[in-house]
Ligand code: HXC
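Numbering (full-length UniProt numbering), first residue to last: 2 to 258.
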C-alpha cells in the first residue's frame, strides 16, 4: 500500500505495523495517524490476519502528537475540526492489537499504546504524559486510561508533573503486561500475536470485547454482556472442537476467520 510514514509486514498470521518517521521520533502528525488508521482497518478486514503488532523504532514508539503541527491550531477551529477523532481507529479494531514499545512513548504515543489491548515493553521503554509542560493536558484518553491502569495517585503525579517512568516501574504498576530485553521485543510480540492466532477467532474477538467493556460499563451490565457473549459461543464449531479436543486428549484445530 501507499504509505510514507509507516511500514507493514506479515509474519504468518501476525501483522506488524511500524511507525516510521524517524526524523521526528515518530511524532504523530495527521498524515501518520491517517495511514495508521488505514493499515489497521485493512489488517482487521483481512481474514488471514489474527492479531496486529503496533511498534515504533528502537529510540521511540512515538514521542507524542506533532507539536509543530499543533502549535498554530486554535479554538474554535479545533472544535470544528477535531484532529484527534481519527485516532479512535485504534479502538475500532476487532482483532487484538499488541503495542510493542521501545524507547519513548510520550503524550499521544503513550495514549496510543494504552489504546492497544496488550502492552509489551522493551527494557528501554519510557512512558510519560508530558503535555502539562506544553500548557495542555492529555487529549487522546491519557487522563482516563492511565488512571484506570495505574491508579489515581500515580496517574495524577505523572499527568501533573509530566515526569517519565521507565519500563521496570511501568511493569510494577501494571501499565504493561511484561518487560523483555530490547533485542527480543519484536520476536516476543510476534510470537504472542501468533499464539493468539492459533485460538478460536470468534472467542478471541468476544473476549477482547468483554474485557474492554469493563472500562465502560457498570459491573452489572458488564457481567450481563459477558454472559451473552459466553453463551453465544456455544453456537460456534470452535467450542465443539475445543471441548472435543480436550476430551480426546489432542490439540484443537480451530477454523480461521
Ligand atoms: C514534533 C518532535 C516531537 C513531537 C520530538 N520531535 N518529539 N517533533 N512533535 N512530539 C522532534 C524534535 O523536534 C527533533 O526534531 C527530533 O524529533 C528529535 O528530537 P530531540 O528532541 O532532538 O531528541 P532528544 O534530545 O533525544 O529528546 C527526545 C525527547 C524530546 C525527550 C522525546 O524530543 C521531547 O521531549 N519531545 C516532545 C515530547 C512531548 O512533549 N510529547 C507530548 C506532545 S503533546 P529536529 O528537527 O529538531 O531534529 C501530545 C498531545 C497528545 O502528545 C494529545 C492527543 C492528540
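Where is the CB? At the ideal position from N, CA and C, for every residue including glycine. Quantities reported herein were computed from a predicted structural model and do not represent experimental measurements.
Assigned exposure category for residue 175 - 16 Cβ within 10 Å defines buried: Taking the chain shown and counting its residues from 1, one reaches residue 175 at position 174. By the neighbour-count rule (16 or more Cβ atoms within 10 Å), residue 175 is not buried but exposed.
Please specify which runs of the beta strand (DSSP E), each continuous and at least 3 residues long, are wholly inside the region 27 to 81, giving them in chain order. Within the region 27 to 81, the complete beta strand (DSSP E) runs of at least 3 residues fall at 52 to 56, 61 to 63.
Please say whether residue 183 and residue 239 have beta carbons closer to each other than 7 Å? Walking along the chain shown from the start, residue 239 turns up at place 238. Walking along the chain shown from the start, residue 183 turns up at place 182. If you check the CB distance, residue 239 and residue 183 do not come in under 7 Å.
For residue 163, which option in 139, 231, 133, 146 has the closest C-alpha, if you only look at C-alpha atoms? Residue numbering aside, residue 163 sits at position 162 when the chain shown is read from its first letter. The option with the nearest alpha carbon to residue 163 is 133.
Hey, residue 129 and residue 107: beta-carbon distance below 7 Å or not? Indexing the chain shown from 1 puts residue 129 at position 128. Indexing the chain shown from 1 puts residue 107 at position 106. In terms of Cβ geometry, residue 129 and residue 107 form a close pair [threshold 7 Å].
In three-state DSSP terms, what is residue 142? Mapped onto the chain shown, residue 142 falls at position 141. If DSSP states are grouped into helix, strand and coil, residue 142 belongs with coil.
Say yes only if the C-beta of residue 74 is nearer than 6 Å to one or more non-hydrogen atoms of the ligand HXC, and no if none qualify. Stepping through the chain shown from its first residue, residue 74 is reached at position 73. In this structure, the ligand HXC has no non-hydrogen atom nearer than 6 Å to the beta-carbon of residue 74.
Are residue 40 and residue 121 close, meaning C-beta to C-beta below 7 Å? Position 39 of the chain shown, counted from the first residue, corresponds to residue 40. Position 120 of the chain shown, counted from the first residue, corresponds to residue 121. Going by C-beta atoms, residue 40 is not nearer than 7 Å to residue 121.
Complete alpha helix (DSSP H) runs within the region 183 to 237 (minimum length 4 residues, chain order): DSSP runs (the alpha helix (DSSP H)) wholly in the region 183 to 237: 186 to 198, 202 to 214, 220 to 233.
Going by DSSP in three states, residue 167 sits in which element: helix, strand or coil? Locating residue 167 in the chain shown gives position 166, where the first residue counts as 1. DSSP places residue 167 in the strand class (E or B) of the three-state scheme.
Cβ of residue 131 versus every heavy atom of the ligand HXC: is any distance shorter than 6 Å? For the purposes of this step, residue 131 is identified with residue 130 of the chain shown, where counting begins at 1. Yes, the ligand HXC has a heavy atom inside 6 Å of this Cβ.
Exposed unless 16 or more other CB atoms sit within 10 angstroms - verdict on residue 31: Counting from 1 along the chain shown, the entry for residue 31 is found at position 30. Burial call: exposed.
Residue 105 beta carbon near the ligand HXC (any heavy atom closer than 6 Å): Position 104 of the chain shown, counting from 1, holds the residue named residue 105. Yes, the Cβ of residue 105 comes within 6 Å of a heavy atom of the ligand HXC.
Would you give the residue range spanned by the alpha helix (DSSP H) that residue 110 belongs to? The residue you call residue 110 lines up with position 109 of the chain shown. First-last of the alpha helix (DSSP H) with residue 110: 109 to 116.
Give me the DSSP bridge partner(s) of residue 84. Here residue 84 refers to the residue found at position 83 when the chain shown is read from its first residue. Answer is none; residue 84 lacks a bridge partner.
The region 102 to 116 contacting the region 206 to 217, beta-carbon criterion three pairs below 8 Å: No, the region 102 to 116 does not touch the region 206 to 217.
Buried or exposed for residue 76, going by 16 or more other Cβ atoms inside 10 Å? Residue 76 sits at position 75 when you count from the first residue of the chain shown. Under this definition residue 76 is an exposed residue.
Count the C-beta pairs between the region 52 to 69 and the region 9 to 25 that are closer than 8 Å, then say yes if the count reaches three, no if not. By the Cβ rule, the region 52 to 69 counts as touching the region 9 to 25, because three or more pairs are nearer than 8 Å.
Rounded to the nearest angstrom, how far is the Cβ of residue 126 from that of residue 104, given a contact under 8 Å? Within the chain shown, numbered from 1, the residue matching residue 126 stands at position 125. Within the chain shown, numbered from 1, the residue matching residue 104 stands at position 103. Sure, about 7 Å apart at Cβ, within 8 Å.
Within this structure, are the beta carbons of residue 177 and residue 171 separated by less than 7 Å? The residue labelled residue 177 in the question sits at position 176 within the chain shown. The residue labelled residue 171 in the question sits at position 170 within the chain shown. Note that the C-beta distance between residue 177 and residue 171 is below 7 Å.
Rounding to the nearest angstrom, what Cα-Cα distance links residue 85 and residue 20 in this structure? Mapped onto the chain shown, residue 85 falls at position 84. Mapped onto the chain shown, residue 20 falls at position 19. CA-to-CA, the gap between residue 85 and residue 20 works out to about 17 Å.
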